[in-house]
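Trainee:
Numbering (my numbering), first residue to last: 2 to 471.
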């Protein structure tokens, strides 16, 4: 008899539906390679460089801030990942169990917009990387090539994404270590260790950037663990995801900071990487180009699952197939190409602005989802109800979750420091953005208190459903 691993189709047939036991496959160690290899890429390198470029930290304090942020944020991200094998469904669909079938739509839309923003930003970086490697390829053509590469990977789906990242972990891991070695032995600036210094606002801002990088994965991280067998231990899923993501992201963030400090100030980050790595520069750019194309498939995949979730809320009998996912992938890919080509000059700056704003509304969702899964329901959900138009036992709206969610957003406002708005407390502490910490600290106990009071009612509903044979 052929095993599930060997008989699983190359092109993924499941979209947002429950993955039954016979279709489960893979090893938990695949999560390490997925999140390690996927985070050795240009966008985290560019983001990590902001600690020294924008927030004027020196190398020591920049590295400490990066590590603290990733180690903290990675805990939340990995806790979401551990839900995948237990539930067997994507994260955004699972949010219906906390917010209700209609109440979850806001978070689904926000997550979808964020994925599209990540995808468009990454194809801009792919275009620039390709142009840096082959001068005759214009950036717009490079953007289209990068998008098509990600599109093919995203359409094939889950298994192919994991295979590529197993290879990428070794190639990119060795590449970035060799790159570090070259930069440290060929420093071209006189102020490599002395440029910048310590300032609390800049340090906290860099910690926040790193932590929010991890939290940004939360809405889709369990999409890549949901095919694992249901008997995989929660702790195993947690640690492989956590170590892979925290280590890969930290290396990339620190690489960006090291590269911009190793050359005279004032150069674009990816140009700095090319110059700082000298003869290795073209090879590093090729590796990063391949990495961004591979990893960006996750953003396209996540965007498409969000759109499917949105549509399925109203067309509740529709659980789409691989063909529907492929068509939607091409639509999203085409739209992002148009946006990226016309906005490539300053797109990355706008992207960072957008993500910082979106994360203000994702942080309370993270708190509610984790408290509900680990403290309230302890992983025991009625999957059938999640796919019902009326939300089944979870209803169309869950007032407890929506109240906690709204409060979680409001309490962050005074602490926000985004290009669109700077809160009074953030201004008072020299611009440090602590909104995400405040959001987590307030939303978590508030939702636990509200939901605990309501759990008896939910149990009665569940018992009634069972009694009626649903």
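Where a beta carbon is used, it is the ideal one built from N, C-alpha and C, also for glycine.
None of these values were measured; they are calculated from a predicted model.
On a Cα-Cα basis, can you pick out the residue from 38, 108, 57 and 68 that is closest to residue 361?
Mentor: Nearest option by C-alpha distance: 108.
Trainee: Tell me which same chain residues have a C-beta within less than 7 angstroms of the C-beta of residue 203, skipping the five on either side of it?
Mentor: Result list for residue 203: 56, 57 and 58, in chain order.
Trainee: Using a Cβ distance threshold of 8 angstroms, determine whether the stretch 74-85 contacts the stretch 235-242, with at least three qualifying pairs required.
Mentor: Output reads yes: the stretch 235-242 touches the stretch 74-85.
Trainee: Short of 6 angstroms in beta carbon distance, which residues of its chain neighbour residue 7, apart from the five on each side in sequence? Order them along the chain.
Mentor: Summary for residue 7: the model assigns pLDDT 44, below 50, so the residue's position carries little reliability; its value from the coordinates is reported in the next sentence. Within the same chain, residue 7 has no close Cβ partners at all.
Trainee: For residue 3, which residues in the same chain have their Cβ closer than 8 angstroms to its Cβ, ignoring the five residues on either side in sequence?
Mentor: With a pLDDT of only 38 at residue 3, under the threshold of 50, the placement of this residue in the model should not be trusted, and no figure is reported.
Trainee: Please report the straight-line C-alpha distance between residue 207 and residue 385, rounded to a whole angstrom.
Mentor: Going from the Cα of residue 207 to the Cα of residue 385 covers about 42 angstroms.
Trainee: Go to residue 201, then tell me how far its alpha helix (DSSP H) extends in each direction, as first and last residue.
Mentor: Where residue 201 is concerned, the enclosing alpha helix (DSSP H) stretches over 201-216.
Trainee: Cβ atoms of residue 88 and residue 112: under 9 angstroms apart, would you say?
Mentor: The answer is no: Cβ separation not under 9 angstroms.
Trainee: Take every Cβ of the stretch 254-270, pair it with every Cβ of the stretch 47-54, and state whether three or more of those distances are shorter than 8 angstroms.
Mentor: Enough Cβ pairs lie closer than 8 angstroms, so yes.
Trainee: From residue 280 to residue 173, what does the alpha carbon distance come to, in whole angstroms?
Mentor: Spanning the two alpha carbons is a distance of roughly 17 angstroms.
Trainee: In whole angstroms, give me the CA-to-CA distance for residue 288 and residue 334.
Mentor: Looking at the two C-alpha atoms, the distance is approximately 22 angstroms.
Trainee: Could you tell me whether the Cβ atoms of residue 341 and residue 445 are closer together than 9 angstroms?
Mentor: No.
Trainee: Under a three-way DSSP split, which group does residue 2 fall into?
Mentor: Confidence is the limiting factor: at residue 2 the pLDDT is only 37, short of 50, which leaves the residue's position unreliable and the question unanswerable from this model.
Trainee: Which ranges would you report for the alpha helix (DSSP H) in the stretch 234-311 if only whole runs of at least 4 residues count?
Mentor: Entirely contained in the stretch 234-311, the alpha helix (DSSP H) runs reaching 4 residues are, in chain order, 235-262 and 270-277.
Trainee: Roughly how many angstroms separate the alpha carbons of residue 251 and residue 68, rounded to a whole number?
Mentor: The alpha-carbon atoms of residue 251 and residue 68 are separated by roughly 6 angstroms.
Trainee: Does the beta-carbon of residue 429 have 16 or more other beta-carbons within 10 angstroms, so that it is buried, or is it exposed?
Mentor: Residue 429 should be labelled exposed.
Trainee: So which of 326, 43, 299 and 366 has the shortest CA-CA distance to residue 286?
Mentor: It is 43.
Trainee: Could you give the first and the last residue of the continuous alpha helix (DSSP H) run that contains residue 78?
Mentor: 60-82 is the span of the alpha helix (DSSP H), which, as asked, contains residue 78.
Trainee: Which residue wins for smallest C-alpha separation from residue 41, given the options 355, 153 and 296?
Mentor: Per the Cα distances, 296.
Trainee: Less than 9 angstroms separating the beta-carbons of residue 66 and residue 378?
Mentor: Not closer than 9 angstroms, so no.
Trainee: Residue 55 lies in the alpha helix (DSSP H); which residues open and close that run?
Mentor: Here residue 55 belongs to no alpha helix (DSSP H), and DSSP marks it neither H nor E.
Trainee: With DSSP as the reference, please indicate the residues paired to residue 29 in a beta bridge.
Mentor: DSSP output for residue 29 lists no bridge partner at all.
Trainee: Excluding the 5 residues preceding and the 5 following residue 145 in the sequence, name in chain order all residues of the same chain whose CB lies nearer than 7 angstroms to its CB.
Mentor: So the list reads 338, once near-sequence residues are dropped.
Trainee: Identify whether residue 198 lies in helix, strand or coil by the three-state DSSP scheme.
Mentor: Reduced to three states, the DSSP call for residue 198 is strand.
Trainee: What residue does the alpha helix (DSSP H) around residue 406 start on, and which one ends it?
Mentor: Note, residue 406: alpha helix (DSSP H), 400-411.
Trainee: Thinking C-alpha only, which one of 186, 211, 358 and 171 is nearest residue 292?
Mentor: Nearest C-alpha to residue 292: 171.
Trainee: Under the rule that 16 or more other beta-carbon atoms within 10 Å means buried, what is residue 220, buried or exposed?
Mentor: That one is buried.
Trainee: Quick check on residue 423: does DSSP put it in helix, strand or coil?
Mentor: Reduced to three states, the DSSP call for residue 423 is strand.
Trainee: Grouping DSSP H, G and I as helix and E and B as strand, with all else coil, what is residue 40?
Mentor: Three-state result, residue 40: coil.
Trainee: I'd like to confirm the pairing. Which residues does DSSP put opposite residue 418 in its beta bridges?
Mentor: Answer is 423, bridged to residue 418.
Trainee: Between which two residues does the alpha helix (DSSP H) containing residue 132 stretch?
Mentor: Segment 106-134, the alpha helix (DSSP H) holding residue 132.
Trainee: Could you please give the first and the last residue of the uninterrupted alpha helix (DSSP H) stretch that includes residue 430?
Mentor: Where residue 430 is concerned, there is no enclosing alpha helix (DSSP H), given that its DSSP letter is neither H nor E.
Trainee: With C-beta atoms as the reference, is residue 397 less than 9 angstroms away from residue 102?
Mentor: Yes.
Trainee: Got a sec, what are the start and stop residues for the alpha helix (DSSP H) residue 97 sits in?
Mentor: Looking at the DSSP string, the run of the alpha helix (DSSP H) that includes residue 97 is 97-100.
Trainee: Near residue 62, which residues of its chain fall below 7 angstroms by C-beta distance, leaving aside the five closest residues on each side in sequence?
Mentor: Cβ neighbours of residue 62 beyond the five flanking positions: 199 and 204.
Trainee: Do you know whose CA, among 408, 409 and 314, lies nearest residue 391's CA?
Mentor: Nearest option by C-alpha distance: 314.
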